[in-house]
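J.:
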Amino acid sequence: MSNNRRILITGNNGYIGSVMAPWLRSQDYDVVGLDTGYFSACTLVPDLAEIPTIRKDLREISAKDLAGFDAVIHLAALSNDPIGNLNEAWTREINGQGTIRLAKFAKQSGVSRFIFSSSCIMYGMSAAAVVDETSPLAPRTQYARSKVEAERDLFRLADEHFSPTSCRNGTVYGLSPRMRFDTVLNSLTGSAFTTGRVEIHSDGKPWRPVVHVQDVARAFQAVLEAPRETVHNEAFNVGASELNHQIGDLAQIVVDTIPGCRLAMTPQPGADQRTYQADFAKFKRTFPAFDFLWTVRSGADELCTAFQRIGLRHADFTDKRFTRLSWLRHLLDSRCVDGSLRWTEVAADSNRNHDLALTG
Ligand SMILES: NC(=O)c1ccc[n+]([C@@H]2O[C@H](COP(=O)([O-])OP(=O)(O)OC[C@H]3O[C@@H](n4cnc5c(N)ncnc54)[C@H](O)[C@@H]3O)[C@@H](O)[C@H]2O)c1
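Quick note on my numbering: the sequence shown kicks off at -12 and runs consecutively.
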């Protein structure tokens, strides 16, 4: 068991964080969250635990917020390409500068471990590429660029007292209190369940690495508990080779899982044909005892069971609360956040702390 017991998890209120923070708490970590709460009202299933949380924007934190922690797990970000395309400055400020500001305060405050939630998207995508941690980074969107720049500047802060590690995740799937239906497997499964159809607009051939949200939580724990020298200033693709799937394969698994559902392949010109497979040999070599416990099949099954339990309707599946870009647009349109994506007075009560859980 490691000594890094007191941890700050930023973005603990998001899709990954609302699974990871309770998981680490169940593992006897003393967990504190830090989150501005953009998606606090976007709850699909009840929270797994109450995590004490500092309600702050990453851009407003000070060194005081980092005092007394052994480690930081940094998840907070604007978390996909469409948001980056909506306003590049927000993604640059929050994902890029916000990360480095946090890391500098962490280092000043004597935090020894800093785990950054990055993405395989930073490799860019090209036909038939298999990317490992030494592959050139070719970000094609502001989101991907923000991850590349944050990682580069983070690694510059490494020294004998401060060990940053970058975990480059594939696309994450699985049930979370703060559900997202804007990622591939969650979207395919939600659509299958609520419409009886899985529709893909490409020819189904593009590859994606996918990983279950609970496995991501466990993988970050493995990094946290690893001897310093094995993870110091290192980047890892987080996943396993069998977790590379073609989109058509993901869709077929969903169809096989959800009774009565059918697959519609309607290739369209200009459809998303981005493709890449990730090489996970470094993760396997470094963490030989670690097993990824979830497969796409078991993950789709888990989602289907949960959707049955809560009676997921098509209107829930398409609700703005579960698509990050749509919800942020709603916060802007309703003037809950201003043009810099900071909360306004209007916001306070209506959106930050009001839980609109679909289940009671
Ligand atoms: N979900 C995926 O498939 C995936 C894949 C690869 C990498 N990642 C990375 O993992 C991390 C978590 O992803 P997620 O899917 O949970 O995203 P999410 O959007 O569900 O959660 C992000 C959380 O960060 C918080 N946040 C955003 N900006 C903030 C700010 N300025 N100050 C404080 N808090 C802020 C949000 O309120 C939210 O709770 C992100 O860094 C994302 O880029 C996610």
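C-beta atoms are modelled at their ideal positions from N, C-alpha and C, and glycine is treated no differently.
Could you check what DSSP says for D57 in three-state terms: helix, strand or coil?
T.: Counting from one through the sequence shown, the residue named residue 57 turns up at place 70. Of the three classes helix, strand and coil, the one that applies to D57 here is coil, per DSSP.
J.: Please return the same chain residues whose Cβ sits closer than 6 Å to the Cβ of Y2, not counting the five positions on each side in sequence.
T.: Here residue 2 refers to the residue found at position 15 when the sequence shown is read from its first residue. Closer than 6 Å at Cβ, skipping near neighbours: S163, R165, R167.
J.: In terms of residue numbering, what span does the beta strand (DSSP E) encompassing I(-4) cover?
T.: Taking the first residue of the sequence shown as position 1, residue -4 is located at position 9. Counting along the chain, the beta strand (DSSP E) containing I(-4) begins and ends at -7 to -3.
J.: Quick check on F223: does DSSP put it in helix, strand or coil?
T.: Within the sequence shown, residue 223 is the residue found at index 236, counting from 1. Strand.
J.: What ranges does the alpha helix (DSSP H) occupy inside the region 161 to 186, keeping only unbroken runs of at least 4 residues that lie completely in it?
T.: Complete alpha helix (DSSP H) runs here, min 4: 171 to 182.
J.: Could you tell me the distance, in whole angstroms, from the CA atom of R311 to the CA atom of L65?
T.: If you number the sequence shown from 1, residue 311 lands on position 324. If you number the sequence shown from 1, residue 65 lands on position 78. Cα-Cα distance, rounded: 8 Å.
J.: Use the C-beta contact count for G226: other C-beta atoms within 10 angstroms, 16 or more gives buried, fewer gives exposed.
T.: Translated into the one-based positions of the sequence shown, residue 226 becomes position 239. Buried, by the Cβ-count rule.
J.: Do you know whose CA, among E332, G235, F294, D202, lies nearest D278's CA?
T.: Position 291 of the sequence shown, counting from 1, holds the residue named residue 278. Ranking E332, G235, F294, D202 by Cα distance to D278 puts D202 first.
J.: Quick check: R155 and F223, are their CB atoms within less than 8 Å of each other?
T.: Your numbering for residue 155 matches position 168 in the sequence shown. Your numbering for residue 223 matches position 236 in the sequence shown. It is a contact, given that the beta carbons lie within the stated cut-off.
J.: Does the contact criterion of 3 or more C-beta pairs under 8 Å hold for the region 120 to 139 versus the region 178 to 187?
T.: Counting Cβ pairs under 8 Å, fewer than three are found: no touch.
J.: Going by Cα to Cα distance, which pick from D325, R12, R261 is closest to P193?
T.: The count along the sequence shown starts at 1 and reaches residue 193 at position 206. Nearest C-alpha to P193: R261.
J.: What does a CB cutoff of less than 8 Å around N173 pick up in its chain, not counting 5 residues either side in sequence?
T.: Counted from its first residue, the sequence shown places residue 173 at position 186. Excluding residues within five positions, the ones whose Cβ falls inside 8 Å are Y160, G161, M166, R167, L290.
J.: Whole beta strand (DSSP E) runs in the region 17 to 48 with 3 or more residues, listed along the chain?
T.: Correct list: 17 to 21.
J.: From D17 to P39, what distance separates their C-alpha atoms?
T.: To locate residue 17, count along the sequence shown from 1; it is residue 30. To locate residue 39, count along the sequence shown from 1; it is residue 52. Distance between the alpha carbons of D17 and P39: 10 Å.
J.: Out of curiosity, what's the CA-to-CA distance linking L299 and T331?
T.: For the purposes of this step, residue 299 is taken as the residue at position 312 of the sequence shown. For the purposes of this step, residue 331 is taken as the residue at position 344 of the sequence shown. Their backbone Cα atoms lie some 32 Å apart in a straight line.
J.: Is the closest heavy atom of ligand 1 to the C-beta of F279 under 7 Å?
T.: Numbered from 1 along the sequence shown, position 292 holds the residue referred to as residue 279. Incorrect: F279 has no Cβ contact closer than 7 Å to ligand 1.
J.: Whole angstroms is fine: what's the gap from R42's alpha carbon to T217's?
T.: Taking the sequence shown and counting its residues from 1, one reaches residue 42 at position 55. Taking the sequence shown and counting its residues from 1, one reaches residue 217 at position 230. In a straight line, the C-alpha of R42 is about 33 Å away from that of T217.
J.: Can you tell which of S99, S189, E80 has its C-alpha closest to the C-alpha of P214?
T.: One-based indexing of the sequence shown puts residue 214 at position 227. Nearest option by C-alpha distance: S99.
J.: Straight-line CA distance for V118 to S228?
T.: Here the question's residue 118 lines up with position 131 in the sequence shown. Here the question's residue 228 lines up with position 241 in the sequence shown. V118 and S228: Cα-Cα distance of roughly 11 Å.
J.: For M(-12), count the other beta carbons within 10 Å of its own beta carbon; 16 or more makes it buried, fewer makes it exposed. Which is it?
T.: The residue given as residue -12 occupies position 1 in the sequence shown. Unreliable positioning characterises M(-12) in this predicted model, as indicated by a pLDDT of 45, which lies under 50. A coordinate reading is not provided.
J.: Is it true that the CB of F304 sits closer than 8 Å to the CB of C29?
T.: Residue numbering aside, residue 29 sits at position 42 when the sequence shown is read from its first letter. Residue numbering aside, residue 304 sits at position 317 when the sequence shown is read from its first letter. Not in contact: C29 and F304 (Cβ atoms no closer than 8 Å).
J.: DSSP three-state call for V135: helix, strand or coil?
T.: As a first step, residue 135 must be located in the sequence shown, where it is residue number 148. The answer is helix: DSSP assigns V135 an H, G or I state.
J.: With H, G and I counted as helix, E and B as strand and the rest as coil, what does DSSP make of N82?
T.: For the purposes of this step, residue 82 is identified with residue 95 of the sequence shown, where counting begins at 1. In this structure, N82 counts as helix in the three-state DSSP scheme.
J.: With a threshold of 16 other CB atoms inside 10 Å of the CB of N338, please say whether the residue is buried or exposed.
T.: Mapped onto the sequence shown, residue 338 falls at position 351. Bear in mind that the predicted position of N338 carries a pLDDT of just 48, short of 50, making it unreliable; the figure below should be weighed with that in mind. Label assigned to N338: buried.
J.: Residues bridged to D146 by DSSP?
T.: Your numbering for residue 146 matches position 159 in the sequence shown. D146 pairs with F149.
J.: Identify every run of the beta strand (DSSP E) within the region 189 to 223, keeping only runs that are complete inside it and at least 3 residues long; order them along the chain.
T.: 194 to 199, all fully within the region 189 to 223.
J.: Compute the Euclidean distance between the alpha carbons of E80 and E136, then round it to the nearest angstrom.
T.: To locate residue 80, count along the sequence shown from 1; it is residue 93. To locate residue 136, count along the sequence shown from 1; it is residue 149. Going by the C-alpha atoms only, they are around 11 Å apart.
J.: Whose C-alpha, out of G55, R296, E147, D325, is nearest the C-alpha of A93?
T.: The residue labelled residue 93 in the question sits at position 106 within the sequence shown. Ranking the options by Cα distance to A93, first place goes to G55.
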